[in-house]
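Numbering (my numbering), first residue to last: 25 to 379.
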């Protein structure tokens with residue numbers, strides 16, 4: 025890029041790449057840490073006192089909600105960490121999680137754009153959310169927020185979150201409200217989606233078709249409890265004709281009830297395998313396209329027609345593992361985890377069932 029250029033990027037640990045002009049800071053995800061908080065505050069200060077002649081280029085992808093972790097005035101990092109922990113265990117969809125996080129943040133929900141005004145701001149976004157809404161990706165720090173503080177409070181109630189009194193007081197105060205569509209201070213902010221889950225599924229469908237298979241897409245907006253989605257997709261697979269591949273994207277959720285290790289893709293696959301039953305003649309893979317299934321070191325896992333047989337021959341009870349949210353260890357013992365390392369992109373989860 026010609027001309028003066030400076031900047032700061034926050035990414036998760038192990039995902040940094042060398043850059044000549046841009047500083048890279050690694051921080052924690054999905055529960056934020058002090059490195060993410062401090063880097064977010066630095067980003068806030070970098071975009072202040074700009075002129076209409078300045079250009080702020082904001083590159084965003086999924087994960088930004090945890091990485092850009094500057095609490096609103098009056099709240100602490102510990103408050104944000106506890107909110108994230110409870111949300112991750114609640115089974116709430118990403119839209120609900122990010123609604124609440126926006127209203128507790130210094131920068132999310134359009135507040136970063138307010139700080140950059142009157143500079144021109146261009147956001148280039150890799151979407152990892154169903155529907156590709158820029159206001160949801162990374163909790164929309166550079167776009168108007170159509171949700172309200174009342175919506176955030178309703179989410180606290182709906183999912184039974186037990187938040188600190190000062191967090192609840194903040195949500196009830198006018199200070200927690202975010203800039204809305206039509207705010208003149210956002211007039212010079214533009215957001216563009218440059219990669220998304222739908223294009224990922226289309227590429228997979230073309231790949232399958234070129235190899236003589238019939239692709240069947242269930243869409244890129246699949247949400248819901250991972251184990252329930254696995255059961256529904258097992259029914260789809262049992263009805264499917266031979267030489268076909270069932271594709272889907274989106275983001276499932278997991279409500280933690282047990283004490284095992286897992287991730288939403290591993291839990292989906294374990295539920296799928298159980299629902300298909302032994303000898304179903306089906307193969308499947310499910311993985312997060314960023315290479316990390318939740319907070320574990322795997323992208324996802326795979327199942328084969330003999331998954332249940334191999335598990336039981338090793339003395340592993342699939343139903344007990346699912347009940348304990350222990351899908352990671354289930355597939356680890358079978359040697360069927362998919363471990364890619366960081367892929368350096370994120371267009372949400374990818375699932376394929378081969379018939």
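Ideal placement from N, C-alpha and C gives every residue a C-beta, glycine not left out.
Contiguous alpha helix (DSSP H) elements confined to the segment 102 to 128 occur at 118 to 126, taking only those with 4 or more residues. Membership of residue 217 in any alpha helix (DSSP H) is not indicated; the residue belongs instead to the beta strand (DSSP E) covering 213 to 219. Three or more Cβ pairs drawn from the segment 339 to 352 and the segment 286 to 304 lie within less than 8 angstroms of each other, which places the two stretches in contact. For residue 337, the enclosing alpha helix (DSSP H) stretches over residues 331 to 337. Judged by beta-carbon spacing, residue 179 lies within the 9 angstroms limit of residue 120, meaning their Cβ atoms are closer than that value.
Between residue 257 and residue 278, the alpha-carbon positions lie close to 16 angstroms from each other.
For residue 375, the enclosing beta strand (DSSP E) starts and ends at 373 to 378. Per DSSP, the continuous beta strand (DSSP E) segment holding residue 144 begins and ends at 144 to 150. When 75, 118, 86 and 58 are compared, the shortest CA-CA separation from residue 103 is found for 58. Between the alpha carbons of residue 193 and residue 303 lies a distance of about 55 angstroms. Rounded to the nearest whole angstrom, the CA to CA distance from residue 264 to residue 140 is 52 angstroms.
The shortest CA-to-CA distance from residue 101 to any of 83, 361, 246 and 130 is the one to 130. Within the same chain, Cβ atoms closer than 6 angstroms to the Cβ of residue 118 are found at 153 and 275, the five residues on either side in sequence being excluded. In the DSSP secondary-structure assignment, residue 46 is bridged to 31.
Boundaries of the alpha helix (DSSP H) harbouring residue 352: 351 to 358, taken from the DSSP string. Excluding the 5 residues flanking it on each side, residue 362 has same chain C-beta neighbours closer than 8 angstroms at 309, 311, 322, 323, 324, 325 and 326, in chain order.
Under the three-state reduction of DSSP, residue 316 is assigned to coil, being neither helix nor strand. Unbroken alpha helix (DSSP H) runs of no fewer than 4 residues, entirely contained in the segment 34 to 94, are found at 58 to 70 and 88 to 91, following chain order. In the displayed model, residue 160 falls within coil according to three-state DSSP, outside both helix and strand.
DSSP, read as helix, strand or coil, puts residue 249 in strand.
In the DSSP annotation of this structure, residue 340 is not part of any beta strand (DSSP E), being labelled neither H nor E. When DSSP states are grouped into helix, strand and coil, residue 183 belongs to the coil group. Between residue 87 and residue 162, the gap from beta carbon to beta carbon is short of 9 angstroms.
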